[in-house]
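There are 4 protein chains.
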Amino acid sequence: MSERKTGRERGEEWWQTGIIEMSPGIIRLRGYEIQELIGRVSFPATIWLMLRGELPSEEQAALLGIALGAAVDHGPQAPSIAIARMAITCGVGINSAMASAVNVLGDVHGGAGEQALSFYGDIAVALEGVALDQAVAARLDRFFAEEKGYVPGFGHRFHPVDPRAPRLIAVTREFAARGVVSGRFADIAEAVESEVARRKGKKIPLNIDGATAVIYGELGFPPPLTRGLFVLSRSVGILAHAWEQSQQSERNKGPLPREWLWAYTGTPLRPFPAEGDEGPAEGDEGK
Amino acid sequence: MSERKTGRERGEEWWQTGIIEMSPGIIRLRGYEIQELIGRVSFPATIWLMLRGELPSEEQAALLGIALGAAVDHGPQAPSIAIARMAITCGVGINSAMASAVNVLGDVHGGAGEQALSFYGDIAVALEGVALDQAVAARLDRFFAEEKGYVPGFGHRFHPVDPRAPRLIAVTREFAARGVVSGRFADIAEAVESEVARRKGKKIPLNIDGATAVIYGELGFPPPLTRGLFVLSRSVGILAHAWEQSQQSERNKGPLPREWLWAYTGTPLRPFPAEGDEGPAEGDEGK
Amino acid sequence: MSERKTGRERGEEWWQTGIIEMSPGIIRLRGYEIQELIGRVSFPATIWLMLRGELPSEEQAALLGIALGAAVDHGPQAPSIAIARMAITCGVGINSAMASAVNVLGDVHGGAGEQALSFYGDIAVALEGVALDQAVAARLDRFFAEEKGYVPGFGHRFHPVDPRAPRLIAVTREFAARGVVSGRFADIAEAVESEVARRKGKKIPLNIDGATAVIYGELGFPPPLTRGLFVLSRSVGILAHAWEQSQQSERNKGPLPREWLWAYTGTPLRPFPAEGDEGPAEGDEGK
Amino acid sequence: MSERKTGRERGEEWWQTGIIEMSPGIIRLRGYEIQELIGRVSFPATIWLMLRGELPSEEQAALLGIALGAAVDHGPQAPSIAIARMAITCGVGINSAMASAVNVLGDVHGGAGEQALSFYGDIAVALEGVALDQAVAARLDRFFAEEKGYVPGFGHRFHPVDPRAPRLIAVTREFAARGVVSGRFADIAEAVESEVARRKGKKIPLNIDGATAVIYGELGFPPPLTRGLFVLSRSVGILAHAWEQSQQSERNKGPLPREWLWAYTGTPLRPFPAEGDEGPAEGDEGK
Chain A
0 MSERKTGRER GEEWWQTGII EMSPGIIRLR GYEIQELIGR VSFPATIWLM
50 LRGELPSEEQ AALLGIALGA AVDHGPQAPS IAIARMAITC GVGINSAMAS
100 AVNVLGDVHG GAGEQALSFY GDIAVALEGV ALDQAVAARL DRFFAEEKGY
150 VPGFGHRFHP VDPRAPRLIA VTREFAARGV VSGRFADIAE AVESEVARRK
200 GKKIPLNIDG ATAVIYGELG FPPPLTRGLF VLSRSVGILA HAWEQSQQSE
250 RNKGPLPREW LWAYTGTPLR PFPAEGDEGP AEGDEGK
Chain B
0 MSERKTGRER GEEWWQTGII EMSPGIIRLR GYEIQELIGR VSFPATIWLM
50 LRGELPSEEQ AALLGIALGA AVDHGPQAPS IAIARMAITC GVGINSAMAS
100 AVNVLGDVHG GAGEQALSFY GDIAVALEGV ALDQAVAARL DRFFAEEKGY
150 VPGFGHRFHP VDPRAPRLIA VTREFAARGV VSGRFADIAE AVESEVARRK
200 GKKIPLNIDG ATAVIYGELG FPPPLTRGLF VLSRSVGILA HAWEQSQQSE
250 RNKGPLPREW LWAYTGTPLR PFPAEGDEGP AEGDEGK
Chain C
0 MSERKTGRER GEEWWQTGII EMSPGIIRLR GYEIQELIGR VSFPATIWLM
50 LRGELPSEEQ AALLGIALGA AVDHGPQAPS IAIARMAITC GVGINSAMAS
100 AVNVLGDVHG GAGEQALSFY GDIAVALEGV ALDQAVAARL DRFFAEEKGY
150 VPGFGHRFHP VDPRAPRLIA VTREFAARGV VSGRFADIAE AVESEVARRK
200 GKKIPLNIDG ATAVIYGELG FPPPLTRGLF VLSRSVGILA HAWEQSQQSE
250 RNKGPLPREW LWAYTGTPLR PFPAEGDEGP AEGDEGK
Chain D
0 MSERKTGRER GEEWWQTGII EMSPGIIRLR GYEIQELIGR VSFPATIWLM
50 LRGELPSEEQ AALLGIALGA AVDHGPQAPS IAIARMAITC GVGINSAMAS
100 AVNVLGDVHG GAGEQALSFY GDIAVALEGV ALDQAVAARL DRFFAEEKGY
150 VPGFGHRFHP VDPRAPRLIA VTREFAARGV VSGRFADIAE AVESEVARRK
200 GKKIPLNIDG ATAVIYGELG FPPPLTRGLF VLSRSVGILA HAWEQSQQSE
250 RNKGPLPREW LWAYTGTPLR PFPAEGDEGP AEGDEGK
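See the structure below:
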């Protein structure tokens, strides 16, 4: 393996990648000279090329851009947005304010899209053998037996109907009508929504995570990668809020108005133990 | 100020923003219903709307997207890219790998574009009274008197000519010819490049930071905000590399091949001081 | 719930905590005036008080400090350390270099201690009914049936014997002899090590994660909290390396020597598709 | 430089450090075998050894630990603390919650201690030639001529008197009386406080940053490194709050009570521009 290889070759192999090739004066992304891409490829198409390795059609790129644009912001009550705004008042660069914010787009604050796409994907795989309504029913049976809470991609704590979802599905149908995508994931999502409504006795509508998952599924993105797409999308709102906050004069912005405090719920004032009181306040060998 | 205001009003005022308005079932970005934006506005146009508060023309959005796409990656020897790749092998989410990476796009690894645009801006302001060559000469005089190193936006440690820059200027000229932008910042950048070459006796070519700064200047973005635009751009390469790495089996990836160590340059092996040897190994009261 | 409560009360309740109480001129940690703690309580005892809510004995605090000090560093081939060193060369503050590094102490680069303590804890619970060797055997049976790889807390990719572990166990035994801790977790760890050796035919020694887990278990820290203790510990090495690097002149430090590149393994040079070549390079509607 | 050197040597030299030496079975910190340090050296002494390269006396380590323990927390209205609490509710690891928080200990939220120590250091240097009151007066003259706001290390937005500062100075005096430190920085801080009071007509008391800066100065830490010491200290409060929050059931915790929103101050509802309305809503070529 490293017999005839020089140390430099071993080191350079350690950092191998199939994404970008460089030498002095030359930058190639996925085999294309970068100067041939500039001005010919949209930003969403560049994102696709970097992540997938091949150029999409203009229509595929447009649909990707539509999904990315839909999830950019949900306001300062979203932890990622609040964190960006507080961070920029602390004397750190805008990249660091963005980093602290992006860092919290975790399983609870950003994972639903990935879970929704996995859910649809399970159904899509089953479609190879059964009809859609059967595949949906089977997957929902499994979900309700094993998990609790909303089916991923459905319901919203704030919106009775998430205003972004119906429009995203309508746009997906338009692209399907033009043959850009098949419409299969839109069918799956709508079938899940119907079946859940039938079982629960009320509609639990598709939300932004479920709707963007439809588009990412139509476009062939694997579920874990959609977590990263959500990060690219939400980074826009994070930047916008950090930027707006940076133009104001607040310093060290906390979560509540400056003249407020917080409620203290802990041990009341007590004296520091006197000498000889040295044992652990807790049980034996600490516990 | 807070006389007749309820506590809730005071709290909600503490988190005021002009970017997004929400109520159940309603999301508006900069005054537009989000469902009216979806499918009608490209991702770069959405970015523009979020940051600037108004919709750009399709041409302006396209030019913004071109600049964003040009700076997405510079390979695993860029610290941001290497950090993303190492981070994803440590058992953290892809958002956290991206955050650790974006966090280092600081003054040295991401600040040049902002400095270049400020530099051009100084010249643009002076153009109100003097000719371009005079404004350029005056600004360069000041730079060479006060600072050292390359004029921001020019030169590159790796590329004799950065392959992205000439193409970005050419694209800018095309958009200027169509009246989308004025071409003034392209003129400024080219005049600076010429004058520096005249003074130094050799060409120090425009680089990616200087070229994207031209576009951001043409489009009216203030210099500090372009730092955030670079973050959005580089986030794409960061995601691509984190994703590629995540599909491999390495765990806890360090910077060098696993069988290598590092060179130790410190104090040689020494015995722990015996009892009575208790004084500080350093001078008096520590220094 | 919020009937008679003012908005301010509701807001302050939203940020309630039992850790710290403040009013102008007053700071109390867990009920103690801070000025009574300063100078009377060691740093490890302060850490204990903040996390556990009660003061430890001096001996308990000392043992905590010993565990914290043992895991501070493992050199620049640890991703957290390399990231700290690269980050500080990028023009960000030392706190941001530390943040990017601490951020990767995830399940793979920092989770082993928590898993080891959970493992011991399973055995400790079983001890209420069976002898130690039976509890150990049962837990190992379950582990080898359900998982692969090393038993958490044992083995090391680099060290045949982790030099930190035997010393940490010896110190634990000293504290047990003085009645500060029971020694039960040390017994468990040693029994696991013996039984694994018996089953595998060779010793797979206790490592730093398993050894610090013994101490944290003896001191009564719950497993998930020990992940945070590891962060406090490793933050010291992270700071030391960032500081050392900051005193050198490198800028934008990548993972390999500056004159090296990386191996490119991707698509070879190819021409940008001509007009009319517009379809997706991938299958149908994207795949 | 790299003529006779192998690639491996070049790579290992790229990651050289004087902090830690390792080979299989061996870990040495600053020349000491780690197993000789464990159990003999307190956690603050380990921190000192890692940062300074030499072992401190037990007294020096104790004073360092006192300073580190004093600044661990300032409650949920500190952005770092609020961020830690929100982050842990987003489904990320406790290390990531800590990272997002530590990341904002920047110039405004953590830089005052470094500035205070630099200020004292300027005076300390001048003491080589003039009396203390002259050196203090000169430095204050410069400060009031060039800057605005509080002298670094003095004043507090919340506390009329920061309860931590007098106690830290008293402890410093105790250590000076025992000959562990000189007391010179305590003298400087007290002289600055007096002279500022004389000039302003009211006392602006020493705060936590100014008081810990006294101790770090007495112990010989350079100002930029004290920023990192503050990070180690505040990491304790950050962990305590993240841990406390993690034991509660909130998910995606925002800054305000869940039933509140934020005040919208932006453009009122407006219709999406009709076809033909396509021009930029802003001035000409973007502004």
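Chains as they are written, first to last, in numbering that gives the first Met the number 0: chain A, 0 to 286; chain B, 0 to 286; chain C, 0 to 286; chain D, 0 to 286.
We put the CB at the ideal spot given by N, CA and C, even for glycine.
Own chain residues within Cβ distance below 6 Å of residue i, not counting five before or after
{"i": "B/G125", "result": "Note that residue 125 of chain B is Ala in the sequence shown here, rather than Gly. Same-chain partners within the cutoff: A134."}
{"i": "B/A61", "result": "none"}
{"i": "C/E249", "result": "T88"}
{"i": "C/E284", "result": "Note on C/E284: pLDDT 39, under 50, position unreliable in the model; the coordinate value appears next. No residues qualify anywhere along the chain."}
{"i": "B/I19", "result": "L28"}
{"i": "B/G182", "result": "A175"}
{"i": "C/P43", "result": "A60, L63 and G64"}
Residues of its chain near residue i, where Cβ-Cβ distance is below 7 Å and the 5 sequence neighbours each way are ignored
{"i": "B/R84", "result": "P75, H240, A241, Q244 and K252"}
{"i": "C/P223", "result": "E113"}
{"i": "D/H155", "result": "D161 and N206"}
{"i": "D/D121", "result": "R138"}
{"i": "B/S95", "result": "A86"}
{"i": "A/S234", "result": "M97 and V101"}
{"i": "D/P78", "result": "V103 and H108"}
Reduced DSSP category for residue i - H, G, I as helix; E, B as strand; rest coil
{"i": "B/E192", "result": "helix"}
{"i": "C/E20", "result": "strand"}
{"i": "D/Q149", "result": "Sequence inspection shows Tyr at residue 149 of chain D; the Gln mentioned does not correspond to that position. Residue state, collapsed to three classes: coil."}
{"i": "D/R29", "result": "coil"}
Own chain partners of residue i with C-beta closer than 8 Å, once the 5 adjacent residues on each side are dropped
{"i": "B/L231", "result": "I46 and L67"}
{"i": "C/I25", "result": "E32"}
{"i": "B/D132", "result": "A190 and E194"}
CB-CB length for residue i against residue j, believed under 8 Å
{"i": "B/T266", "j": "D/G30", "result": "4 Å"}
{"i": "B/N206", "j": "B/G148", "result": "Not a contact, Cβ separation roughly 13 Å."}
{"i": "D/T225", "j": "D/L48", "result": "That pair is no contact at about 17 Å."}
{"i": "A/A98", "j": "B/A98", "result": "5 Å"}
{"i": "D/A287", "j": "D/R163", "result": "One cannot answer for residue 287 of chain D here, as it falls past the ends of chain D, which runs 0 to 286."}
{"i": "B/A81", "j": "B/P256", "result": "Not quite, the Cβ-Cβ distance comes to about 14 Å (not below 8 Å), so this is no contact."}
{"i": "D/L238", "j": "C/G227", "result": "4 Å"}
{"i": "C/F118", "j": "C/V150", "result": "7 Å"}
Distance cut-off 8 Å: residue i Cβ against heavy atoms of the ligand COA
{"i": "B/A262", "result": "This structure does not include the ligand COA; it has no bound ligands of any sort."}
TODO: Assess, as a yes-or-no matter, whether the stretch 38-55 of chain B is touched by the stretch 202-216 of chain B under the definition of 3 or more beta carbon pairs within less than 8 Å.
DONE: no
Task: Minimum length 3: unbroken beta strand (DSSP E) runs contained in the stretch 117-176 of chain D - done: none
Open item on the list: Report the start-end ranges of each alpha helix (DSSP H) in the stretch 203-257 of chain A that is 4 residues or longer and not cut off at the edges.
Closed with: 207-217 and 222-245
TODO: Specify whether the stretch 255-275 of chain B and the stretch 14-21 of chain D touch according to this definition: at least 3 beta carbon pairs, one from each stretch, less than 8 Å apart.
DONE: yes
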